[in-house]
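Here's the structure, in structure tokens; my notes come after.
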Amino acid sequence: MDSTDQHRTGDGPQSVALRCASPRTASPVFPPAIGPAPGLPPTAEASALRSAGGAWIRRRALLASLALAACAPARAPMGPSVVAPAFADDALVMSDGVRLPCYGWLPPSRPKAVVVGLHGMNEHARAFAEDAAGWFTAAGVALYAYDQRGFGGSPNRGIWAGHETMAADASEAARIIRARHPGVPVVLMGESMGGAVLLVAGTSARRPPVDGYVLLAPAVVGRAALGWFAAGMLDVLVSLVPMMGFQNSAPGFQPTDNMAAWQRWSRDPLLIRHTRVDALAGLVDLMEAAVRAAPDFHAPALLLYGGRDRLVPARPTRHLLASLPDRSVQRVGYYPEGWHMLLRDTQGQNVAGDITAWACDRTAPLPSGAEDAARLWLAA
1 MDSTDQHRTG DGPQSVALRC ASPRTASPVF PPAIGPAPGL PPTAEASALR SAGGAWIRRR
61 ALLASLALAA CAPARAPMGP SVVAPAFADD ALVMSDGVRL PCYGWLPPSR PKAVVVGLHG
121 MNEHARAFAE DAAGWFTAAG VALYAYDQRG FGGSPNRGIW AGHETMAADA SEAARIIRAR
181 HPGVPVVLMG ESMGGAVLLV AGTSARRPPV DGYVLLAPAV VGRAALGWFA AGMLDVLVSL
241 VPMMGFQNSA PGFQPTDNMA AWQRWSRDPL LIRHTRVDAL AGLVDLMEAA VRAAPDFHAP
301 ALLLYGGRDR LVPARPTRHL LASLPDRSVQ RVGYYPEGWH MLLRDTQGQN VAGDITAWAC
361 DRTAPLPSGA EDAARLWLAA
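In full-length UniProt numbering, the protein residues as written are 1 to 380.
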């Protein structure tokens, strides 16, 4: 895979159009009055009335069932296994045949370690990894990243796949890429939503065959952190208008201090601009699953968090850290001036340096001193 290839868009995402009936245009609940049929005897007239009424009821029942189906939350989960997972051109082919666009940046010689990146909500692989790729390869570390299902150039863009499917994809991706680099340490790295996926994958029945995990500001705002009112409102909206979209930005929204990266991000045509209600509910379900998985997550891990992150608050992050069971192999780095998109921040090179150092030697100190900063932060 050549990182100089032009931006891959594939054949275009498949669209799924769902629509609920509008209350203002819905048909009346009861059938119109049916008058006597001229020229029919009473018994035939009654039979005709029953037949017409029955047909009307059946028709309305069919329309109602179709409307309910259209208003159900949409999901695009993994299908049955039909092929062996493998690389194919510029994509990872999953066991159900779905192609997930994949990109790789390789050092000039045999890599010291391999990092496989999972992007955040509504993003895609290149937006997440491309800016940092040069820092990884300069350290002798190969970097791969793929579009998760429902995002970027993958099928069913905008439709939530489900956290079980996303975790299974991460496991298959790790197996595919590990086979390309035998004898080299392989690390999975997830930002935000991607970090939550890795917490679920790392405690699943088929765990990824990796040497460790990097969790960049993992999305762990479960239902308790969300609050009963917001969680309840989301449940109501999912029941009534699952296809309704919310604009991603809001006043005060700032994911990074790197204005050039932010402007590029805001113009990216592969970015999802409006998040469906059912996809937002799926994200909350993923975050809840990640929170519940944390006590069983025993793998070596490096969790990195920024003091200026406003998308994933400090409180649920601290709760996650308190839930992790093996702090002897699960380390924390803290960047007081770091934002949510740590690898795209103006200090992103420091973050990349910590990741590559840890990927090559999970006992080495973090070059930036972020581990010392984390101890002060957690003690405060």
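Here a beta-carbon is modelled for each residue, glycine too, at the ideal position from N, C-alpha and C. Fair warning: this is a prediction, and the values are worked out from it, not measured in the lab.
Counting only residues of its own chain and dropping the five nearest sequence neighbours on each side, Val83 has a CB closer than 7 Å to the CB of Val93, Ser95 and Gly97.
Inter-segment contact for the stretch 276-288 and the stretch 221-232 is present: three or more beta-carbon pairs are separated by less than 8 Å.
Within the stretch 270-344, the runs of alpha helix (DSSP H) at least 4 residues long that lie entirely inside it are, in chain order, 277-293 and 314-323. Taking 8 Å as the cut-off, the beta carbon of Leu234 is found closer than this to the beta carbon of Ala281. If you check the CB distance, Asp147 and Leu343 do not come in under 8 Å. Cβ-Cβ distances below 6 Å link Ala374 to Val332, Gly333 and Tyr334 in the same chain, with the five nearest sequence neighbours on each side left out; the list follows chain order. A check of alpha carbon separations from Pro77 across Ser154, Ala127 and Cys102 identifies Ser154 as the nearest. By alpha-carbon distance to Asp361, the top candidate from Val186, Trp135 and Gly195 is Val186.
DSSP places Arg126 in the uninterrupted alpha helix (DSSP H) bounded by Ala125 to Ala138.
Listed in chain order, the non-local C-beta contacts of Ala142 below 6 Å within the same chain comprise Leu106, Pro111 and Val114, local neighbours out to five positions each way being set aside. For the 8 Å CB-CB criterion, Ala125 and Gly152 form a contact. Leu304 has its alpha-carbon roughly 35 Å from the corresponding atom of Ser81. One Cα belongs to Val116, the other to Gly307, and the distance between them is close to 25 Å. The shortest C-alpha to C-alpha distance from Gly353 to any of Met341, Trp339, His340 and Ala370 is the one to Ala370. For the stretch 230-262, the continuous beta strand (DSSP E) assignments of 3+ residues that do not extend past its boundaries occur at 245-247, in sequence order.
Secondary structure note for Val93: its beta strand (DSSP E) is the uninterrupted segment Ala91 to Val93. When Pro101, Pro242 and Gly232 are compared, the shortest CA-CA separation from Pro73 is found for Pro242. By alpha-carbon distance to Arg292, the top candidate from Arg149, Tyr144, Val329 and Leu324 is Leu324.
For Met189, the beta-bridge partners assigned by DSSP are Gly117 and Val214.
Beta-bridge analysis with DSSP links Ala86 to Val93.
Contact between Gly120 and Ser192 holds, with the beta-carbon distance rounding to 3 Å and staying under 8 Å.
Taking the Cα positions, Gly338 is about 7 Å away from Asp345. Counting along the chain, no alpha helix (DSSP H) covers Gly79, and no H or E run does either. Under the 8 Å Cβ criterion, the stretch 162-173 counts as touching the stretch 196-207, having at least three qualifying pairs. Between Ala174 and Val312, the C-beta spacing is not below 8 Å.
The alpha-carbon separation between Ala314 and Gln254 amounts to approximately 16 Å.
Ala217 sits away from Thr356, with the two beta carbons spaced by 8 Å or more. If you compare the alpha carbons of Phe297, Trp265 and Leu237 with that of Pro208, the shortest gap goes to Phe297. Secondary structure at Val184: coil, using DSSP grouped into helix, strand and coil. DSSP places Arg223 outside any beta strand (DSSP E); the residue lies instead in the alpha helix (DSSP H), whose first and last residues are Arg223 to Leu226. In this structure, the alpha-carbon of Ile176 lies about 39 Å from that of Leu237.
Burial check for Asp278: the Cβ neighbour count within 10 Å reaches 16 or more, so the residue is buried.
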